[in-house]
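K.L.:
Structure in C-alpha cells, see below.
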Amino acid sequence: MTTVTATPTDDRVATRSATATIMGRPEVGALIGAVAVAVLFLLVAPAFRSVGNIGTILYGSSTIGIMAVAVALLMIGGEFDLSAGVAVTTSGLAAAHLAWFFSLNVWVGIVFALVLSLGVGAFNGWLLHVTGLPSFLVTLGTFFVLQGVNLALTRVVAGGVSSNSLNDLDGFDSAKAVFASSFQLGSVEIKVPIIFWAALTVIGAIVLLRTHYGSWIFSAGGDSAAARAVGVPVTGTKIALFMGVGFCAWILGMHNLFNYNNVQSGAGVGNEFIYIISAVIGGCLLTGGYGSVVGATVGSLIFGMTQLGIFYAGWDPDWFKTFLGVMLIAATLVNLYVKRKADAR
Amino acid sequence: MNAARTSAARAATTHAGESSTYDGPVLELENIGKSYGNVHALRGVNITVRQGEVTCVLGDNGAGKSTLIKIVAGLHEYSEGTMKLRGIVRQFGSPRVAQAFGIATVYQDLALAPLMSVWRNFFLANEIRKGPFLDIPTMKRICAEELTKMGIVIPDLDRAVGSLSGGQRQVVAIARAIYFGARVIILDEPTAALGVKQSGVVLKYIAKARDAGLGVIFITHNPHHAYLVGNHFVVLKLGHVALDAHRDELTLEQLTAEMAGGQELAELSHELRSVHPEKVVLPHDAPGGIEAPELDPNELAGMEDV
Chain Y
27 MTTVTATPTD DRVATRSATA TIMGRPEVGA LIGAVAVAVL FLLVAPAFRS
77 VGNIGTILYG SSTIGIMAVA VALLMIGGEF DLSAGVAVTT SGLAAAHLAW
127 FFSLNVWVGI VFALVLSLGV GAFNGWLLHV TGLPSFLVTL GTFFVLQGVN
177 LALTRVVAGG VSSNSLNDLD GFDSAKAVFA SSFQLGSVEI KVPIIFWAAL
227 TVIGAIVLLR THYGSWIFSA GGDSAAARAV GVPVTGTKIA LFMGVGFCAW
277 ILGMHNLFNY NNVQSGAGVG NEFIYIISAV IGGCLLTGGY GSVVGATVGS
327 LIFGMTQLGI FYAGWDPDWF KTFLGVMLIA ATLVNLYVKR KADAR
Chain F
-19 MNAARTSAAR AATTHAGESS TYDGPVLELE NIGKSYGNVH ALRGVNITVR
31 QGEVTCVLGD NGAGKSTLIK IVAGLHEYSE GTMKLRGIVR QFGSPRVAQA
81 FGIATVYQDL ALAPLMSVWR NFFLANEIRK GPFLDIPTMK RICAEELTKM
131 GIVIPDLDRA VGSLSGGQRQ VVAIARAIYF GARVIILDEP TAALGVKQSG
181 VVLKYIAKAR DAGLGVIFIT HNPHHAYLVG NHFVVLKLGH VALDAHRDEL
231 TLEQLTAEMA GGQELAELSH ELRSVHPEKV VLPHDAPGGI EAPELDPNEL
281 AGMEDV
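Residue numbers (our numbering), protein chains in the order written: chain Y, 27 to 371; chain F, -19 to 286.
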C-alpha cells in the first residue's frame, strides 16, 4: 500500500473573475434593459432626446420607483403586497377626508394618513403571522377591503368619486411645498418626488447591503425557518417590511394629493403589479431571498422611459401594457441567463 | 477582541439572578415531557449536561431526539418537568433567548439561507457592526479564519451557501455555532450527511469544542461516532430514556446493542437469515414482461460513431 505524502490542495473552486462578480449582481439584467429601452426611444422619438424632458421622465419613474423600492425589499423578505397600489390612494384619501370634513390643518390629516398607512402595513404583517396564510392571499384580501373603503367612504364624505379640494385649509401651502413642489436644475425641472425616490433608493440599498437588517431581510426571505432558528426576529422583520411599504404609500399618496389637489377614489388599482414587475425586472426572485433595491429603481426607470417614450414616439399609449408584459418576461429571462452564466464561471 | 466576541462573552457571564461562581452542571433536564395534543413525544426525560463534556443523545428515527433539541434550543416549550440552566429554571420563549443564554444549535437541515453569502450566513443574527453599519472586512476575515480552523477553505466568501457541498455547509454551520456558542452547543446529527473524512473533521471539532470548555450535546444515531468522542450517553426510545450511562460503565458493543435495540436486532437477524446474505446469483438475461422501446433509424443515427 502506498502512502500519500501530501494532500493535494482543493483546486476545484477557482476564484471568480471580476466580470463574473459584476455579472452576478442581481441588477445587471435591469441595467441592460434600461440601456436597450433608452437607445430604442432615443432612435425613434425625437422629443426623447431633449434634455428638458429628463425631468419628466424621472418624474414618471419616481411615482413608480418610490413604491418599487419598498416592494422590492418586501419581496426579498419573501412576501408580496397586492394592496400596495390602493394603499397609496387610501393614504391620500384619509388625509383629504379627515382635514376637509373637520376643517382641520392639513398637517393633521397628513399625520393621520401616516399612522393609517403604517397601520395597514402592520396589519398585513400581523395577519400574515397569525394566520400563516400566504401573503398573496392576505394582501389580496386587504386590497379588496381598501378598494371598497376608498370608494364607499369617499361617497359618504365627499358625495362623489373624488376628495374635495383642500386649498383653502391651513397648512396647504406648506404641505404642497413639501410633497409636490419642484425646482430648476439647469434646464431640467426636478419635482420633489424624484428626490424622495433617490433618497429611498439610497436608504433602501444601504439598509439591505450594509446593515444587519439587510441580512435579516435576505434570510427571512431565503429560509425563514433557518433564520428564526439562529435568532433572527423573522416576524418583526416582515412586519417592518410591510410597514415600509405603508410608509412609501404614504409619501406617494401625499404627493398625489397635493399635486392634483384631490384624489380619485378608484385610483391605484393595478399599480401593485407595476411595482412588483419593477422589482422583478430589477432582479428580485418571486421566491424571496434574492434581489436588489437599485435594480428595482432601474426597473422603475425603464417604466418611466417607456411610458413617455411611447407618447413621444407618437405611438398609441394603449400599447404600454403590452410592452410591460413583454418587458417582464424578457427581463426575467435575461436575469436567469446572466445569473447562470455568472454562476458557471 | 471584536464586538461579537465580547457580546457573546457578555451573554456567557451573568444573567439576572445567576451567580458567577456556579460550578454545577450547566444544563439539567428533570422529567421533561412534551405533548402535541394526545401525542406524547417525550416523557420523563432526565439529562444532565456538564461543561467540558460531550453528552451524546442517541436514538432511532422518531425516538424524540428532535423534540428534545427543539426544547433546549427554544423552538418549542416543554409541557412537563423543569429545565435548569446553571441551576435556574428556564423556559426559553424563542431561539433568540436561548442563544442569549449561550445555547447554540446546529440543525440537521443546516439552518443556513441558501441564497445568502457564506459570511452573511456565518454572522446571521450576530452581525458585527461599526456604528449602524456592518463591519464587512472584519466579518469576512473572522469567517475565513474560523473556516480555516475547521479545515475548509472557501476562496470566495461572497459565494452563496447554496453552491457549497453538503459537507462544507455543515462545517460552516458548526464553525458558526462554535464561534458563537458560549456554553452549550447542540449538534443535531452533524455527521449524518457526511463522508468518512468530513465526519472525522466534525468529530475532531466536537472534541475541540469540549476542550474549549463548552457543554456539547451530540445528537446522533451512529453509536460508533458517539463512542469516539462521548463522555456520557443517553439512549432515547419512543420518547423515554432507555439508557443513561457514563463512558466508564459502558462498552461500544453494549452501546451498539442498546442503540440497535438488542432484542429487536436478534429478531431482525433471524428474519434476515432467510434471504441468504452469502448467496450470489447469475445475471438476469431472461426477457421481462416489458419490451424496450423501439427506436426509429433517425434516432439511431450517430450512435455508431460513439
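All C-beta atoms, glycine included, are put in the ideal place defined by N, C-alpha and C.
Treat the numbers as computed from the prediction; the structure is a model and nothing was measured.
Check whether chain F comes within 7 Å of alanine 252 (chain Y), counting only Cβ atoms and requiring the distance to be less than that.
P.N.:
Chain F, which has a Cβ nearer than 7 Å to the Cβ of alanine 252 (chain Y), makes this yes.
K.L.:
In the region 233 to 250 of chain Y, which residues sit with their C-beta less than 7 Å from some C-beta in chain F, listed in chain order?
P.N.:
Taking 7 Å as the Cβ-Cβ cut-off against chain F, the residues of the region 233 to 250 of chain Y that qualify are Arg236, Thr237, His238, Ser241, Phe244, Ser245, Gly248 and Asp249.
K.L.:
Would you verify that the beta carbon of valine 209 (chain F) is, or is not, closer than 7 Å to some beta carbon of chain Y?
P.N.:
By this cut-off, valine 209 (chain F) is not an interface position.
K.L.:
Report the residues of the region 313 to 325 of chain Y with a CB closer than 7 Å to any CB of chain F, ordered along the chain.
P.N.:
Listed in sequence order: Gly315 and Tyr316.
K.L.:
What first and last residue would you give for the alpha helix (DSSP H) that runs through isoleucine 90 (chain Y)?
P.N.:
Where isoleucine 90 (chain Y) is concerned, the enclosing alpha helix (DSSP H) stretches over 79 to 102.
K.L.:
Considering Cα atoms alone, identify which of F:Gly67, F:Thr47 and F:Tyr58 is closest to glycine 73 (chain F).
P.N.:
Nearest C-alpha to glycine 73 (chain F): F:Tyr58.
K.L.:
Return the residues of the region 72 to 96 of chain F that lie within a Cβ-Cβ distance of less than 9 Å from chain Y, sorted by chain order.
P.N.:
Within the region 72 to 96 of chain F, the residues whose Cβ lies closer than 9 Å to some Cβ of chain Y are Ser74, Pro75, Arg76, Val77, Ala78, Gln79, Ala80, Ala84, Thr85, Tyr87, Asp89, Leu90, Ala91, Leu92, Ala93, Pro94, Leu95 and Met96, listed in chain order.
K.L.:
Only counting the same chain, and skipping five residues up and downstream in sequence, which positions put a Cβ closer than 6 Å to that of glycine 247 (chain Y)?
P.N.:
Cβ within range, chain order: Ile102, Gly103, Gly104, Gly314 and Gly315.
K.L.:
Beta carbons nearer than 8 Å to chain F: which residues of the region 256 to 279 of chain Y have them?
P.N.:
Against chain F - using a Cβ distance shorter than 8 Å - the residues of the region 256 to 279 of chain Y are Val256, Gly257, Val258 and Pro259.
K.L.:
Report the neighbours of alanine 105 (chain F) on chain Y: residues whose CB is nearer than 7 Å to its CB, in chain order.
P.N.:
Neighbours of alanine 105 (chain F) on chain Y, chain order: Val256, Gly257 and Val258.
K.L.:
Check the Cβ of arginine 100 (chain F) against every Cβ in chain Y and list those closer than 9 Å, keeping chain order.
P.N.:
The contacting residues are Gly240, Ser241, Phe244 and Ser245.
K.L.:
I'd like the span of the beta strand (DSSP E) that includes serine 326 (chain Y), first residue to last.
P.N.:
Run containing serine 326 (chain Y): none in the beta strand (DSSP E); it sits in the alpha helix (DSSP H), 319 to 338.
K.L.:
Please compile the residues from chain Y whose C-beta is within a distance smaller than 7 Å of the C-beta of arginine 109 (chain F).
P.N.:
Here the neighbours are His238.
K.L.:
Helix, strand or coil: which one does DSSP assign to tyrosine 58 (chain F)?
P.N.:
The answer is coil: DSSP assigns tyrosine 58 (chain F) none of H, G, I, E or B.
K.L.:
Given a cut-off of 7 Å on the beta-carbon distance, is the pair phenylalanine 205 (chain Y) and methionine 93 (chain Y) in contact?
P.N.:
No.
K.L.:
What in chain Y is Cβ-close to leucine 137 (chain F), meaning under 9 Å?
P.N.:
Simply none; closest approach about 11 Å.
K.L.:
In the structure shown, what three-state DSSP assignment does leucine 362 (chain Y) receive?
P.N.:
Residue state, collapsed to three classes: helix.
K.L.:
Here's a check: name, in chain order, each residue in its chain whose Cβ is nearer than 6 Å to the Cβ of asparagine 361 (chain Y), leaving out the five neighbours to either side.
P.N.:
Answer for asparagine 361 (chain Y): Gly55 and Gly309, listed in chain order.
K.L.:
For leucine 114 (chain F), list the residues DSSP reports as bridge partners.
P.N.:
DSSP lists F:Arg109 as partners of leucine 114 (chain F).
K.L.:
Ignoring anything shorter than 3 residues, give me the beta strand (DSSP E) runs that lie fully in the region 136 to 195 of chain Y, in order along the chain.
P.N.:
Correct list: empty.
K.L.:
Closer than 7 Å, CB to CB, is leucine 275 (chain F) near chain Y or not?
P.N.:
No, no contact with chain Y.
K.L.:
When the Cβ atoms of the region 113 to 128 of chain F are set against those of the region 196 to 215 of chain F, are three or more pairs found closer than 8 Å?
P.N.:
Not touching, per the Cβ criterion.
K.L.:
Smallest Cα separation from valine 292 (chain F): which of F:Tyr185, F:Pro5, F:Ala84 and F:His256?
P.N.:
Since the first residue of chain F shown is -19 and the last is 286, residue 292 (chain F) is not available in this structure.
K.L.:
Under 6 Å Cβ to Cβ from serine 161 (chain Y), same chain only, skipping five residues before and after it: list those, please.
P.N.:
Cβ neighbours of serine 161 (chain Y) beyond the five flanking positions: Glu105, Phe106 and Leu154.
K.L.:
Below 8 Å on the Cβ atoms is my guess for threonine 168 (chain Y) versus leucine 119 (chain Y); work out the distance and round it to an integer in Å.
P.N.:
Not really, about 15 Å apart at Cβ, beyond 8 Å.
K.L.:
Since asparagine 372 (chain Y) and serine 189 (chain Y) should fall inside the 8 Å C-beta cutoff, what is the C-beta to C-beta distance between them, to a whole number of angstroms?
P.N.:
For chain Y, the structure presents residues 27 to 371; residue 372 (chain Y) sits outside this window and is missing.
K.L.:
Might you give, ordered along the chain, the residues of its own chain that have their beta carbon closer than 6 Å to the beta carbon of glycine 377 (chain Y), omitting 5 neighbours on each side?
P.N.:
Because chain Y here runs from 27 to 371, residue 377 (chain Y) falls outside it and cannot be looked at.
K.L.:
Closer than 9 Å, Cβ to any Cβ of chain Y: which residues of the region 178 to 210 of chain F, in chain order?
P.N.:
Those residues of the region 178 to 210 of chain F that come within reach of chain Y (Cβ to Cβ, closer than 9 Å) do not exist; the list is empty.
K.L.:
State the Cα-Cα distance for the pair lysine 264 (chain Y) and serine 254 (chain F), rounded to the nearest angstrom.
P.N.:
Lysine 264 (chain Y) and serine 254 (chain F): Cα-Cα distance of roughly 58 Å.
K.L.:
Should glycine 78 (chain Y) be counted as a contact of the ligand SAM given a C-beta to heavy atom distance under 6 Å?
P.N.:
This structure lacks the ligand SAM, and indeed carries no ligand of any kind.
K.L.:
Using the C-alpha atoms, what's the distance from valine 37 (chain F) back to alanine 53 (chain F)?
P.N.:
Rounded to the nearest angstrom, the two C-alpha atoms are 15 Å apart.
K.L.:
With a threshold of 7 Å between beta carbons, is leucine 114 (chain F) in contact with chain Y?
P.N.:
Yes, contact with chain Y.
K.L.:
With respect to the beta strand (DSSP E) encompassing phenylalanine 128 (chain Y), which residues constitute its N-terminal and C-terminal limits?
P.N.:
Element bounds for phenylalanine 128 (chain Y): n/a, residue is neither H nor E.
K.L.:
Just mark arginine 254 (chain Y) as buried or exposed, buried being the case when its beta carbon has 16 or more other beta carbons within 10 Å.
P.N.:
The residue is buried, with at least 16 neighbouring Cβ atoms inside 10 Å.
K.L.:
In its own chain, which residues sit with a C-beta less than 6 Å from the C-beta of valine 182 (chain F), not counting the 5 before and 5 after it?
P.N.:
Same-chain partners within the cutoff: Pro170 and Thr171.
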